[in-house]
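Working notes, structure below.
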Amino acid sequence: MTEITDRWLTPGPHPNGIQAAKDGLWVIDQADNHLYKLAYEDGSVLARVPTETDRSSGVTEGGGYVWVASTYTARIYKLNHDGTTVEHYDTPGAGVVESGDPNHTVVTGAHGLEWLDERNMWIAVPPARRVFLVDPNTMVLRRSIPTPGARPHGIFVVNGDLWCADTAMRQIHKLDPITGTVRAGIDVPDPEIHGMTLHDGNIWFCCAETRRVCTIPLPV
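Numbering (numbering that gives the first Met the number 0), first residue to last: 0 to 219.
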């Protein structure tokens, strides 16, 4: 049985991406498109800034910027810490989903981001069922690996392994970053797992439907 600990609820209505920082937890909300920094202890708001993104599903920090996956515009936004846009880039592997209107299609992009260094950033893209490694300076593709399920979401890297959450499968998978081979898995029956990050030996994740932020001990 997976040991899941409830921490607190987010102030935003639909948190969909999170990223651990030294001084707080970054959260991007897919409803109000605001970027929050929240205290680990109680979820209190340390910062709240608007962004130009649309129904965003991923966030990471690196190179002096915050990076946000604007899902419904299929763009990766490079932001200053006050939320202002520096640049935006096309999402690799973006695709079309059914909108219910035969005369209108919706292009969706990334659901998870993880900055590694000045030359490497991972991007999880559900329409492609892949995780892409790109150069964040140029967004040139380095390589990509397949995901076990159709809804890859939050990602993080530790000890050379890529961990990827799948919302539909209700699992977190430990993947080989070269081949995509599944090395281990964690069942997360409840709540739905969307954004995911690693902090202080625990996997932190959020549920966009319930606003819950929870933790799971990282398996040794």
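Glycine included, every Cβ here is placed at the ideal spot set by N, Cα and C.
(request) Could you give the DSSP three-state label for Ala109: helix, strand or coil? (result) coil
(message) Measuring straight from C-alpha to C-alpha, what distance separates Ala68 and Asp41?
(response) 26 Å
(request) For Thr196, count neighbouring Cβ atoms within 10 angstroms of its own Cβ and tell me buried if that reaches 16, exposed if not. (result) buried
(request) Could you tell me whether the Cβ atoms of Gly194 and Met168 are closer together than 8 Å? (result) Not in contact: Gly194 and Met168 (Cβ atoms no closer than 8 Å).
(message) Beta-carbon within less than 7 Å of Phe155's beta-carbon, same chain only, minus the 5 sequence neighbours each way: which residues are those?
(response) Glu113, Trp162, Met195, Thr196, Leu197
(message) As a quick exercise: from Trp121, Asn15, Glu60, pick the residue whose alpha carbon is nearest that of His22.
(response) A small fix is needed here, since residue 22 is Asp in this sequence, not His. The shortest Cα separation from Asp22 among Trp121, Asn15, Glu60 belongs to Glu60.
(message) For Asp28, which residues in the same chain have their Cβ closer than 6 Å to its Cβ, ignoring the five residues on either side in sequence?
(response) These residues qualify, in order along the chain: Gly11, His13, Pro14.
(request) Would you mind working out which of Lys77, Asn32, His110 sits nearest Glu86, comparing C-alpha positions? (result) Lys77
(message) Threshold first: 3 residues or longer. Then list the beta strand (DSSP E) segments lying entirely within the segment 147-175, N to C.
(response) 151-157, 160-165, 170-174
(request) Indicate whether Ile171 and Gly179 have their beta-carbon atoms separated by less than 8 Å. (result) no
(message) Please report the straight-line C-alpha distance between Leu132 and Asp160, rounded to a whole angstrom.
(response) 13 Å
(message) Taking the straight line between their C-alpha atoms, what separation do you get for Thr209 and Ala38?
(response) 19 Å
(request) Express the C-alpha separation of Gly200 and Asp186 in angstroms, rounding to a whole number. (result) 18 Å
(message) At the level of alpha carbons, what is the spacing between His80 and Asp134?
(response) 21 Å
(message) Within the continuous beta strand (DSSP E) that includes Asp5, where are the two ends?
(response) 4-8
(request) Check Ala73 in the structure and name its three-state DSSP category. (result) coil
(request) Decide if Asp89 is buried, meaning its Cβ has at least 16 other Cβ atoms within 10 Å, or exposed. (result) exposed
(request) Look up Leu140 in the DSSP assignment and give the residues it is bridged to. (result) Val133
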